[in-house]
Amino acid sequence: MSDDVLLKVVEAIAGENGKRIVVSLLESETGKSDEELSNELNIRVNDVRRLLYELANHGFVAYNRSTRSDTRWHDYTWFTNRPMLEQAVKKRKREIIRILEERLSYEELHTSYICPMDSTQYSFDEAFENNFRCLKCGAELVELDNRKLVSYLRQLIDELKKSV
């Protein structure tokens with residue numbers, strides 16, 4: 000997986016500053032503290048901490064915690080590496096595949112209707128309850144042909160499965 004792909008995923012989840020943090024950590028051999036990242040990247044330390052926790056929740060970064068003997072305060076050294084990032088991206092892809100498969104299943108099993116005037120979409124149950132009339136304008140609802148959507152979802156799922 001290329002660095003560009005990894006960093007685009009990080010940026011999509013944690014924004015530009017999250018991406019900058021990951022790039023900085025990738026360049027470091029020993030990891031960095033939140034204060035070091037804040038000073039280096041010119042980002043407020045509270046924002047750096049928030050982004051680090053968000054990145055950690057997604058598995059993009061991790062930390063080592065040490066305790067100072069004189070004060071008993073904890074120091075955190077944050078780090079990341081390519082295999083860690085690749086695993087996190089693969090996990091995210093698997094999650095997206097699961098969501099897309101649920102949507103595909105729904106689309107294959109359910110019929111939807113649409114108002115030709117204002118494009119409001121209704122499930123079969125909603126359309127049935129309203130005598131197949133639009134609630135907004137009263138127009139007769141038309142069955143929605145979702146074959147293109149089903150085909151697109153299948154194609155997208157196949158492509159994602161190949162890349163996992």
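The numbering of the sequence shown is numbering that gives the first Met the number 0, which starts it at 0 and goes up by one.
Yeah, the Cβ is synthetic: ideal placement off N, Cα and C, and Gly gets one too.
Check, Outcome
"Taking only three categories from DSSP, how would you classify S1?", "coil"
"Give, in chain order, every unbroken run of the beta strand (DSSP E) that is at least 3 residues long and sits entirely within the stretch 59 to 94.", "61 to 66, 73 to 78"
"If distances are taken between C-alpha atoms only, which option among S162, E101, E106, G137 comes closest to L148?", "E106"
"Could you tell me the alpha carbon to alpha carbon distance between L51 and D74, rounded to whole angstroms?", "14 Å"
"What does a CB cutoff of less than 7 Å around V88 pick up in its chain, not counting 5 residues either side in sequence?", "M0, L5, V8"
"Tell me the start and end of each unbroken beta strand (DSSP E) in the stretch 100 to 158 that is at least 3 residues and wholly inside, in chain order.", "111 to 113, 120 to 122"
"My assumption, with CB atoms under 8 Å, is that I12 sits in contact with H57. Please give the rounded CB distance.", "6 Å"
"Contact check, G17 vs L54 under 8 Å by CB: the rounded distance?", "6 Å"
"What is the rounded straight-line gap between the Cα of T29 and the Cα of F78?", "7 Å"
"Which residue wins for smallest C-alpha separation from A61, given the options R48, S111, S68?", "R48"
"Along the chain, where does the alpha helix (DSSP H) that runs through E39 open and close?", "33 to 40"
"Can you tell me where the alpha helix (DSSP H) holding V47 begins and where it ends?", "44 to 56"
"What is the DSSP secondary structure of V9, counted as helix, strand or coil?", "helix"
"Return helix, strand or coil for S27, following the three-state DSSP convention.", "coil"
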